[in-house]
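> The following block contains the structure, expressed as structure tokens.
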Amino acid sequence: MTQVQQIGQVGNAAAMIAGFRETVAKVEAEVGKVIVGQRQLVREVLTCMLAGGNGLLEGVPGLGKTALVRTLAQVIDCSFDRVQFTPDMMPADIIGTNIIVENEESGRRGFQFQPGALFANLVLADEINRATPKTQSALLEAMQEGTVSVARKTHILPKPFFVLATQNPLEMEGTYPLPEAQLDRFFFKMIVPFPSADELLTISDRTTSGYHVTPHKATDGATILAMQELAKQTPIASHVTRYAVRIILASHPDIKPTALVKRFVRYGASPRGLQAMILGAKINALLDGRFNVGYKDIRGVATSALRHRLILNFDGDAEGISADTIVANILEEVKEED
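Residue numbers (the working numbering): 828 to 1165.
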């Protein structure tokens, strides 16, 4: 490769990174017109989308989880659907079902597939853990493969496709824990923090004074798909990837655990946890204006990528050890250089 070609590639990469950051900044600005604070949360939700993954938002009622996803749907020019999960909901209510229809010309009757709420670019699965595990599991194929299967026929979901789910803490009434297989299909699990005093004042002023604002479209589905491809093409050095691998291995009590993992963890993170860390780190690097991934990018996404993939044992549950504490211990113990 000639020096002129190298310079051209560097210039092209710089322009793509600038466009990537500009689009994210526009989306965040429009979301910020409605959502007070929560900047880190908004950034993590966007990271999920730009990685082509699904996000799980956990927090007590009233923190704006649903409002955040609704606003994001307004800002991104994509189709949107919302599913309010309830204990009596059935899988067919979500993925769709075959119904009997009559042909007007021939008068013959036959089965026709009626798409469910999943046939949208952005799906809000609201209070997902208020449905039974049977209904929760209806999302498994869609979240992993972007398809749904009904009566031996596979239907392809539109692209881009994201599931952003909200859930209440498991200690609350009327909740069912999500199956481990489904938790593993969420790219990030994000904890929605309680607003600060100043943010509460702003929320009160906006919601009790007739304040109303409509966010503008900041991007579209085609742009999101292009940004996903750019994120995947971001280079990562082998020693940084090995660092992420060591973090995953350290989360397993029977492989290379830290003392805390060996004592309190039953099952460690899956390979999807590694994929989430790598892709999330690539997006972190792009948003920082770099076309390469560093150790700090891995550490920056590790907690959100792993907290829902660690299964604690009886001792961990009994002593109230949190997955976040375990991840922090792993990051402290695992060295950057092998």
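For every residue, glycine included, the Cβ atom is placed at its ideal position computed from N, Cα and C.
1) Since residue 918 and residue 962 are thought to touch, with beta carbons under 8 Å apart, how far apart are those beta carbons, to the nearest angstrom?
2) For residue 1065, which residues from the same chain have a beta carbon less than 6 Å from its beta carbon, with the 5 sequence-adjacent residues on both sides left out?
3) Residue 943 to residue 929, Cα distance in whole Å?
4) Quick one: what's got a C-beta closer than 6 Å to residue 955's C-beta in the same chain, skipping five residues either side?
5) Comparing C-alpha positions only, which one of 865, 843, 1037, 1144 sits nearest to residue 1243?
6) Quick one: what's got a C-beta closer than 7 Å to residue 978's C-beta in the same chain, skipping five residues either side?
7) Helix or strand or just coil, what does DSSP make of residue 978?
8) Hey, how far is the Cα of residue 843 from the Cα of residue 1057?
9) Should residue 892 go down as buried or exposed, given a rule of 16 or more other Cβ atoms within 10 Å for buried?
10) Applying the 10 Å Cβ sphere with the 16-neighbour rule, what's the burial state of residue 1016?
11) When you compare each of 1159, 967, 1035, 1002 to residue 1008 by their alpha carbons, which one comes out closest?
12) Taking only the alpha-carbon atoms, compute the straight-line gap between residue 853 and residue 937 and give it to the nearest angstrom.
13) Please classify residue 1021: is it buried, with 16 or more other beta-carbons within 10 angstroms of its beta-carbon, or exposed?
14) Just to check my reading of the structure: residue 1130 and residue 1151 have Cβ atoms closer than 8 Å, yes? What is that Cβ distance to the nearest angstrom?
15) In terms of DSSP beta bridges, what is residue 939 paired with?
16) Is residue 839 buried or exposed, if buried means 16 or more other CB atoms sit within 10 Å of its CB?
17) Could you tell me the boundaries of the alpha helix (DSSP H) in which residue 1090 lies?
18) Do the CB positions of residue 877 and residue 1110 come within less than 7 Å of each other?
By the coordinates alone:
1) Reading the sequence shown from its first residue, position 91 is the one you call residue 918. Reading the sequence shown from its first residue, position 135 is the one you call residue 962. Sure, about 6 Å apart at Cβ, within 8 Å.
2) Translated into positions along the sequence shown, residue 1065 becomes position 238. The answer is none, since no qualifying residue turns up.
3) The count along the sequence shown starts at 1 and reaches residue 943 at position 116. The count along the sequence shown starts at 1 and reaches residue 929 at position 102. C-alpha separation (whole angstroms): 20 Å.
4) Residue mapping note: residue 955 aligns to position 128 of the sequence shown, counting from 1. Only 912, 992, 994 meet the Cβ criterion.
5) Any question about residue 1243 goes unanswered here, given that the chain covers just 828 to 1165.
6) Residue 978 sits at position 151 when you count from the first residue of the sequence shown. 925, listed in sequence order.
7) As a working mapping, residue 978 is identified with position 151 in the sequence shown. Here residue 978 sits in coil by DSSP.
8) For the purposes of this step, residue 843 is taken as the residue at position 16 of the sequence shown. For the purposes of this step, residue 1057 is taken as the residue at position 230 of the sequence shown. Their backbone Cα atoms lie some 8 Å apart in a straight line.
9) By one-based count along the sequence shown, residue 892 stands at place 65. Buried, since its Cβ has 16 or more Cβ neighbours within 10 Å.
10) Numbered from 1 along the sequence shown, position 189 holds the residue referred to as residue 1016. By the 10 Å Cβ count, residue 1016 comes out buried.
11) Translated into positions along the sequence shown, residue 1008 becomes position 181. The residue with the shortest Cα to Cα distance from residue 1008 is 967.
12) For the purposes of this step, residue 853 is taken as the residue at position 26 of the sequence shown. For the purposes of this step, residue 937 is taken as the residue at position 110 of the sequence shown. C-alpha separation (whole angstroms): 48 Å.
13) Translated into the one-based positions of the sequence shown, residue 1021 becomes position 194. The residue is exposed, with fewer than 16 neighbouring Cβ atoms inside 10 Å.
14) Along the sequence shown, one-based indexing puts residue 1130 at 303. Along the sequence shown, one-based indexing puts residue 1151 at 324. Yes, residue 1130 and residue 1151 are in contact; Cβ-Cβ is about 6 Å, under 8 Å.
15) For the purposes of this step, residue 939 is taken as residue 112 along the sequence shown, with counting starting at 1. Paired residue(s): 926.
16) Residue numbering aside, residue 839 sits at position 12 when the sequence shown is read from its first letter. By the neighbour-count rule (16 or more Cβ atoms within 10 Å), residue 839 is not buried but exposed.
17) In the sequence shown, counting from the first residue as 1, residue 1090 sits at position 263. Segment 1086-1091, the alpha helix (DSSP H) holding residue 1090.
18) By 1-based counting over the sequence shown, the position of residue 877 is 50. By 1-based counting over the sequence shown, the position of residue 1110 is 283. Contact: yes.
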